[in-house]
Structure formats: C-alpha cells, structure tokens
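Worksheet: one structure, shown below.
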Amino acid sequence: MKYFIFLLLIGLQSDSVLAEDWKETLLLHHSKNITGVNAQCANDTETWLHSLDILTEVSAECILTKKCTKKEEKLLEENFYALEQLDSFGKFPSSGLFEIPLIFDGSYQECERISGKKYETNYCYVILIPGKNSSHCHVSKSGDLTPTTVFFRSAVCMPNSCDQTEISNVINQIADIPFTVCGSHCSRYPVKKDSAFWGFSAFMIVMISIAILATSVDYILETISSEEEKKEKKNLALRILLSFSLWTNAELILSVKEQKPGFIKCLDCIRFLSMLWVVSGHTVSTIMFPDVLLPITTFTKHFWNHLLLNAFVSVDTFFLLSGIVVAYLFFKQRPKKSQILSPITWTLFYVHRYLRLTPPYMIFLGFYIVYSEYIQGPVAAVGLNAGIYAVESCKKTWWRNLLYINNFGDSTQACYGITWYLAVDTQLYLVAPIVLIALWFSFIWGAVAVAAGCVGSIITVYVLYAEYHLPADQFGKGSLINFGKMLYQKPWIRCTPYLIGLLVGYGIAVFGKRRVRLHWALSVVGWLIALGIASACLFSTNEYDKGAIWTDFEKATYYNFSRFLWAIAVSWVIVANHMGWGGPINNFMSHPLWQPLGRLSYCAYIVHFFLIDFYTNINDSPMHYYSTFQVWIYDAVPITIIAYIFAFFWSCLFEIPTLKLEKMLIEAILGVGNGRASGKVGDVAKLEIKSENPLQVKRMEDVEIVRIEEKLPSDFNMKL
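If you count by mature numbering (1 follows the signal peptide of the UniProt record, and there is no 0), then the sequence shown holds residues -19 to -1, 1 to 701, one letter each, in order.
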C-alpha cells in the first residue's frame, strides 16, 4: 500500500505532468457525459475519469496535510490503476525533439498489466492531425500510409469496450490537445474463429499426430530390426507412413559429410548468406517505420547503408542459382536425344517442379491466413493493423499463388507479398527448356537464346524508363508503385540472372571436370575484378540516393547492368570455387557445415516474413531505428535464427514427406522401381527421378533407384 502512495506522491511533487498537466492539459475535468459511443465504452471511460478525479482530490489533500488517512490510502489504492492507465499513454512532446518524432510511444506492458482491474484495457495508437477539430482527417481503409496517416501517432490505453472507431470520438471529447484524432488502431482486436480456423487447426493436429506415429514406428523398427531386415523393401503403406518420420527427416536435413567430386559445394553457403541478406532487408524495412523523421531522411546518405538499400540483388543471386541448378542437373545426366524429344520428359519436368514447391508453400499460406491475425501487439497497432488487410487480401487471391501468377494484377491485393519471387522463378522455369534444348543441340544456339533474352529484357527496361520515368532503386525519386508493378516483379525484367545461370550451369556440367590450372596471380585478379563489380552494383547509387539527379537513361542503365553484372560477379565466385581457384575462400564457402542451412533455405524463405511480424510484436513498443548495425544484430540475426528453427520443423513435417511421396508416385506411374519401364519411358523416368539434387549430384550409374524413397530427396537443395 505504501508503495503505491510513495509512487503517487513522489510523482505529483516532482513532475507536474502527473498532476496538473496530465489532468488539465490532456484530460478535461469530467463535467459531461461521453456521447456517440456504445454504453459500455461510455461507462468504462467515465469510470476511469472519475477515478482520476478521486486521485487528484485525495492526493492533493494528502500533500496538503502531509499525511493520508486510512480511508484516503484505500481510495488511492483502489484508483491507482487510473494513473497507471494514463501513464501508459504516449508522452508528447517526447525527448529528442530535433529528431522530429512522429510516433509518441507509451508502455504496452503497463497497459496490459492493469487490464482487468476495473475493466479490460486495450493499447492503441491514435492518428493525430494538427489543429483542434481539423477537417482534414482521412484514414485509408486498407491501412495505406497517406500523408495524414503517417503524420503523428500517439499511444493511448483505453477500455477494451471501446472499438477502434469509437476511440477517436472519445479522445476528441475528453482531450484538450492541439490535435484532432482522426482514427485509431489497436493492439487487441477480435478475431473470429471461423470454419477455416477449425478446419486448418484440425489438419495441423492430424499431420502432427501422423508425424509422431511415424517417428515412433521408425524408431521401433530401427531398434528391433536386424541389418538384413532393414535392407528389405518395405510394403507401400509402411513406406508412406515412414515418409513422415521426424527421426529420419531430421537426419536427412542435419547430415553433414564431405561430398564427392562434381558437387557444387559453395552453393549452400551462398544460399544461407543470401537468405540472411533478404531477412536483413525485410527487417530493416519493417523497423524503419518512421517513428522519428530525421534518421529516416539521412539513412540513404550513409555509404555502408547501401548494403541494405540494395539488398534486392540477393534475389538476383537466387535467380542465378536457380538457373545454374536447372541447367547443371539437366546436363549432368547426359540426356539422350530420345529423352530431349519426349513429351514425357517435359511433362515430368513441370509436374516435379510443381509438386516440389507447392505443398509446403500452400500449407504455410493456410497457416499464415489462419493464425497471423493472432499476432497482436504495439507494432501491429502502430502499423495501422495492415496485417488484417493483408490476410483479407489472401482470402480472396490465394488461388493466384496456387497458380504462381501472384506477381501479376493489383499488387495491393497480393497474398503474402514475398511470394512474388516464387511466381517469377516458376515462370522462368517454364521457359527454361527453350534454352536447355538449344544448348543440348549446340552451345552456339543456346548462347544466342540467352543473349536474345538478355537483350530483350534490357531494351524493355530502357523503354519503360523512358515512358514512366521510374526511379533507379526503391529509394529514389519516381513512382514506386510503377517500379514494383512494371519492373521489380516481372519475369521478363528479372530474367537476366536466371539466363546467365543456365549458361553457367551448362558450363560447369560439361566442362567442370576439366581442372584448369590458373596462376595464383590471375586468380587474385579475377577475385578483385569480381569484388569491384559487386561493389559498383551496391554503391553506385550513393550520390543518387543523396539527391543527385539522374536522367532516365542513366537510371535505366544502372537498373539493367547492376543485375547483369552482379550475376557475373557471383558466377565467378561459384565457378572459381568449383574449379579450385578459391583458396581459403573456397575452404570457407565449401565447408560441409553449410549443408543443413542450405537445405532449409526454401522453407526459411517462406516463413521468415511471418516471423518478422511475430518477433517485432513481442516488444513493449515499436523498435526505434538507431543504426543499421543495431538493427542487424538485435533483430535481423535473431529473426534469421528463429526462421531456420521454424523451417527445420516445417521441412520435416511437410517438405521432405512431399518429396518422398512424389518419388513413390512417379515410380508407381512409370514402374521404375519394379523393372516394368522400358524404352523411352524408362529412360525418361531415370532422367527425371535421378537428375535433381544440385548439391548431391551423382553419376546416373551411381544412383540406386530401387530404394530411392529412402534417400534424401534429390532436389532437396534446389530452390533458393
């Protein structure tokens, strides 16, 4: 009891904000009823204001007499919640005025702590427009960040009985501040458990139960079976069940071993580092929500920040890797002409791709739609609850993701924004056979096809810049909407690294065994040139992002050749390491410890964006941007770690079982495992089933088809 009185009296004596300023400046004396809201909201608000009145009067009496009676102590204790509720409000003006604060944070935890003492409370952010009773209020329904919605926001702690549309009405009636409250967004909002929630939750329970059962059976069989029994072919039902074994699937993911010659060892490292880069870029874009204006306006002026400003080239790295893997696997198997000309080859080529990507992807999309609305907290509120609208869009447009066409159409209605990459990569995969077939018949034909695709893409970019005056990057002057709509998510624009990858993959598959000795000096020169090219791609926009004016031709030239040259630089890294010209760099990048991280890259990419929302909302207030290094250490790295942990379980539960079941299905259709396939069909089946894993490639004669379902799915590391 004395603790409450001590806090109250010290606060009242030492800081007038707690007494007169908060009471008289923020809240008018309770002299009229709250109108225009539901009865419970009005009653709870009036209860709060009445408690503040009691606190003010009783505390003043205690200070005057320098002693509180037992009755006064009881009144102070009973109504102290009201002061805590007020204390959790955002403070303005806040410290750091010269940083131009736009968001006035309060205490989310304090607001949550008092919830239930008199009524349930809700931590919200109100949108403030300068001027009392301003007529310029406009808050977009979709949560779009218009000039008014991003101007000022302040945290408030209000009764949960007041919904978001009523809070602005209440604050405008009781607050004596030189602002008009134009809207509010709360950390707590009701989520209806509909049929989709119960259906998907039941599905997850069933899948987890199957995995537990399969793991138990697998462990028992492994324990009691003799070596001869382990080698015997299991019946189909048991094989299907064991494909869900977490025991075996975890072993496949975490296995680390020295790979045989022909293995492109450095790809795992490149995948993981690129994944970390992607997460860092997305994390910074989330955390740099403008709580203060000055650091945001100066962010682009810091030279090293361009490592994140131009993080989009990490996506070009993934496109390059995809092209390399597709061509390398295809030509490593030395396909015959009958296979090249067979429709079955290309049917399986596409079916395998779809079955490879879709199940873990679409199941997670269902997970996101059903459960992401339960991620509630201060960041969700200060972000205008944009996640709610994103989920609503997903419910309407998920079918576009299923068809891998979600990079077309209205981008504001896209489902789970980062999946545009999967759509573009799949669309490029659809046209890859044109180049593969051309390369099979003649390297010249293939090179011409690649060159034609690159030139066509480059010309298209120049035309679009001339017509629409687009920015050189996502931070320059110009229409960002058109930048994303016409450039960033279109396959004919992003195809350049992929096409280069097809050519590089062909070269490694055909000529990779010819170990060419390169003088160390030439090797060093090659690495320095690659480093110079990569640096130019990352830092060339330094002056542009500071405000330098570039012509449309200059912007288009940068956009075109930064992606093209970046692909060349990364290609050198891959080829040099594979050919033995990497020295200590190759020793680092080709270390077996990268293998599990490379295998998990696809699932990590899928889940990481969801986890950014989860991670940022567990804090008491939205994260304040101080420096890029701070964001990277405290946010990007932990989120990446969490993403890989989540991806491990998601891969064990959905990705690997899907790949094992796919192999069984193809075997059953083509009779590969039972010796029934012959002629063209048998050859095609071998090509499709064997020639997949880019990081565990073996010669065709080294692969045992009979027990293929028990091996690591052979394109396990293929994507991302």
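Even glycine gets a Cβ: it sits at the ideal position worked out from N, Cα and C.
A quick note: this is a predicted structure, and the numbers were derived from the prediction, not measured.
- A Cβ-Cβ contact shorter than 8 Å links residue 410 with residue 307.
- Secondary structure note for residue 162: its beta strand (DSSP E) is the uninterrupted segment 160 to 167.
- Across the set 355, 420, 414, 575, the C-alpha of 355 shows the shortest separation from the C-alpha of residue 596.
- A residue is called buried once 16 or more other Cβ atoms fall within 10 Å of its Cβ, and residue 252 is buried on that count.
- The Cβ-Cβ distance between residue 152 and residue 107 falls below 8 Å.
- For residue 245 against residue 549, the beta-carbon gap comes to about 17 Å, at or over 8 Å, which does not count as contact.
- As the crow flies, the alpha-carbon of residue 603 is around 14 Å from that of residue 166.
- About 6 Å separates the Cβ atoms of residue 526 and residue 457, confirming a contact at the 8 Å cut-off.
- Remark: C-beta atoms of residue 399 and residue 627 do not approach each other more closely than 8 Å.
- Per DSSP, the continuous beta strand (DSSP E) segment holding residue 134 begins and ends at 133 to 140.
- The shortest CA-to-CA distance from residue 242 to any of 313, 227, 303, 282 is the one to 313.
- Each residue's CA atom was taken as its position, placing residue 139 and residue 277 some 30 Å apart.
- Per DSSP, the unbroken alpha helix (DSSP H) holding residue 298 starts and ends at 294 to 313.
- In terms of Cβ geometry, residue 142 and residue 21 form a close pair [threshold 8 Å].
- The segment 438 to 446 makes contact with the segment 534 to 542; the number of CB pairs closer than 8 Å reaches 3 or more.
- Of the other Cβ atoms in all chains shown, 16 or more fall within 10 Å of the Cβ of residue 89; this residue is therefore buried.
- Secondary structure in the segment 352 to 415: no beta strand (DSSP E) run of 3 residues or longer lies completely within the stretch.
- For residue 18, the secondary structure class from DSSP, reduced to helix, strand or coil, is coil.
- The continuous beta strand (DSSP E) containing residue 102 extends over residues 102 to 111.
- Going by beta carbons, residue 161 and residue 118 fall inside the 8 Å limit.
- Residue 593 sits close to residue 264, with the two beta carbons spaced by under 8 Å.
- In this chain, the alpha helix (DSSP H) harbouring residue 567 covers 565 to 570.
- For the pair residue 554 and residue 510, the Cα-to-Cα distance works out to about 11 Å.
- Within the DSSP secondary-structure output, residue 84 pairs in a beta bridge with 134.
- Secondary structure of residue 423 (DSSP, three-state): coil.
- For residue 185, the enclosing alpha helix (DSSP H) has its first and last residue at 176 to 205.
- The DSSP assignment places 248 to 268 as complete runs of the alpha helix (DSSP H) inside the segment 237 to 279, in order along the chain (cut-off: 4 residues).
- Judged by DSSP secondary structure, residue 527 falls within the alpha helix (DSSP H) whose first and last residues are 523 to 527.
- Boundaries of the alpha helix (DSSP H) harbouring residue 55: 51 to 68, taken from the DSSP string.
- Taking C-beta atoms as the reference points, residue 430 and residue 442 fail to come closer than 8 Å.
- In terms of Cβ geometry, residue 477 and residue 544 form a close pair [threshold 8 Å].
- Residue range 533 to 560 is occupied by the alpha helix (DSSP H) that includes residue 534.
- For residue 315, the closest alpha carbon among the candidates 500, 421, 62 is that of 421.
- For residue 230, the enclosing alpha helix (DSSP H) starts and ends at 227 to 235.
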